[in-house]
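Start counting the sequence shown at 4; every next residue gets the next number (our numbering). We treat Cβ as the ideally placed atom computed from N, Cα and C, and that holds for glycine.
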Amino acid sequence: MAEFTMELSDEQKEVRDWLHGFAADVIRPAAAEWDEREETPWPVIQEAAKVGIYSLDFYAQQYFDPTGLGIPMAMEELFWGDAGIALSIVGTGLAAVGVLANGTEEQIGTWIPQMYGDANDVKVAAFCSSEPDAGSDVASMRTRAVYDEAKDEWVLNGTKTWATNGGIANVHVVVAVVDPELGSKGHASFIVPPGTPGLSQGQKFKKHGIRASHTAEVILDNVRVPGSCLLGGKEKLDARLARAREKAKKGGERVKNAAMATFEASRPAVGAMAVGTARAAYEAALEYAQTREQFGRPIIDNQGVAFQLADMRTSIDAARLLVWRASWMAINGKPFTAAEGSMSKLFASETAKKVTAQAIQILGGNGYTREYPVERMHRDSAIYTIFEGTSEIQRLVIARTLAGMPIR
Numbered sequence: 004m005a006e007f008t009m010e011l012s013d014e015q016k017e018v019r020d021w022l023h024g025f026a027a028d029v030i031r032p033a034a035a036e037w038d039e040r041e042e043t044p045w046p047v048i049q050e051a052a053k054v055g056i057y058s059l060d061f062y063a064q065q066y067f068d069p070t071g072l073g074i075p076m077a078m079e080e081l082f083w084g085d086a087g088i089a090l091s092i093v094g095t096g097l098a099a100v101g102v103l104a105n106g107t108e109e110q111i112g113t114w115i116p117q118m119y120g121d122a123n124d125v126k127v128a129a130f131c132s133s134e135p136d137a138g139s140d141v142a143s144m145r146t147r148a149v150y151d152e153a154k155d156e157w158v159l160n161g162t163k164t165w166a167t168n169g170g171i172a173n174v175h176v177v178v179a180v181v182d183p184e185l186g187s188k189g190h191a192s193f194i195v196p197p198g199t200p201g202l203s204q205g206q207k208f209k210k211h212g213i214r215a216s217h218t219a220e221v222i223l224d225n226v227r228v229p230g231s232c233l234l235g236g237k238e239k240l241d242a243r244l245a246r247a248r249e250k251a252k253k254g255g256e257r258v259k260n261a262a263m264a265t266f267e268a269s270r271p272a273v274g275a276m277a278v279g280t281a282r283a284a285y286e287a288a289l290e291y292a293q294t295r296e297q298f299g300r301p302i303i304d305n306q307g308v309a310f311q312l313a314d315m316r317t318s319i320d321a322a323r324l325l326v327w328r329a330s331w332m333a334i335n336g337k338p339f340t341a342a343e344g345s346m347s348k349l350f351a352s353e354t355a356k357k358v359t360a361q362a363i364q365i366l367g368g369n370g371y372t373r374e375y376p377v378e379r380m381h382r383d384s385a386i387y388t389i390f391e392g393t394s395e396i397q398r399l400v401i402a403r404t405l406a407g408m409p410i411r
């Protein structure tokens, strides 16, 4: 087990500086254009693929960093560049992780390369879980998967929403209900291969922020996939469902808490994204305050501005420490006895919204225009308190963990 430390190794610093350089030289110059176009920035993704950032190998190396800091460090630097473009670069990772976590070796080897493509022909993948009536309440999921034993095929029907890369993906990973009586424990994940009949893109959302990231509905109309596309295989699914039924008889609340623990481990990465956006806004505000003169002196000489910057930096550093702590705990198998994963996501998300708003205030009228990046950063920051569990859900998870009771 790696000791917790706030000092990055030389190798980690080298990776951080490499990512920062890519964010500064490639992502940032393209940020305003793709935000305005509200389209997937394929040329930027291709550049990321050419240098090795857009690849499973890179994210696997960061994920298995024994300190746990590889992923949050990478997320912070990329999202420091621009949140929309960064999400387009890392969004495929959501689907890839779904396959890595649940798939067989054969499924991993078959489908993950098709998610990324190569530097000459980049592809993206989509992870489809949320539904119009099932966001935070995953137990309300309605998309069904029914097994056709005669043909050894699964038939999927339903509508997914808020899917990053939904409809434009080469490979879709779809979460569906196979046993409605088991709630979230009755779900399974399926690969929908490229060109499968019945899968189509529904509404593409025109968003407030992260507009360079494609977000859309995915319609599943009698989508048939081979039995081999059930992640983990049917034998493993049948065994898992049998265990879930037995556990549900003995105590359903214990089953529900086990599922919640799985979600907890992924939240620090979102916190790191928020830290990156907050840091970018703070740095822009600091530079502006040091160079913008009013009444014959830089505005940072005014206590009101200087104190705001002090609070912004303090909150950012505190958020990063919470993210790093939770990330280290997750990789080292430490239980989140106080919902530390949700704590990190909650605090970092709220920090990003507050810091970006303060940055606009410091820039004044300029901050309210698209000529300066803090306006875009403020719009982007709103998503962090919504996706991967809203701030209200994070508070509920923390409160339930502390109280040991099903607070509603």
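What would DSSP say about G94, mapped onto helix, strand or coil? coil
Grab me the residues of H211's own chain with a C-beta within less than 7 angstroms of its C-beta, minus the 5 sequence neighbours each way, in chain order. R382, A385
Can you check the segment 266–297 for any alpha helix (DSSP H) of at least 4 residues that lies completely inside it and give the ranges in chain order? 270–294
Taking only runs of the alpha helix (DSSP H) that begin and end inside the segment 24–59, which ones reach a length of at least 4 residues, in chain order? 31–40, 45–54
The alpha helix (DSSP H) with F82 in it runs from where to where? 73–84
Going by the DSSP bridge assignment, what does I3 pair with across the sheet? This structure cannot settle anything about residue 3, because the visible part of the chain is limited to 4 through 411.
Nearest candidate by alpha-carbon position, reference K154, set G169, Q15, G87, S231: S231
Find the nearest neighbour of V127 within the set G96, A287, L103, E343, judged by alpha-carbon distance. G96
I'd like the span of the beta strand (DSSP E) that includes R379, first residue to last. Note, R379: premise wrong, no beta strand (DSSP E); alpha helix (DSSP H) at 377–384.
Reference G170; option with closest CA among P200, E220, V180, E134: E220
Residues bridged to T167 (per DSSP): T218
Among L185, Q311, A313, D314, which has the Cα closest to the Cα of L244? L185
How many whole angstroms separate the CB atoms of Q15 and M76, which I take to be in contact at a CB cut-off of 8 angstroms? 6 angstroms
Residue from G299, R398, A275 with nearest C-alpha to Y387: A275
Could you give the distance in angstroms between the alpha-carbon of A5 and the alpha-carbon of P197? 41 angstroms
One or two residues paired with E156 in a DSSP bridge: D151, P229
Tell whether a beta-carbon distance below 8 angstroms holds between L81 and L22. yes
Are there 16 or more other CB atoms within 10 angstroms of the CB of P409, so buried, or fewer, so exposed? exposed
Excluding five sequence neighbours on each side, which residues of the same chain lie with their C-beta closer than 8 angstroms to the C-beta of T8? T70
Within its chain, find whatever has a CB closer than 7 angstroms to the CB of E378; leave out the 5 residues flanking it on each side and keep chain order. I363, G370, Y371, T372
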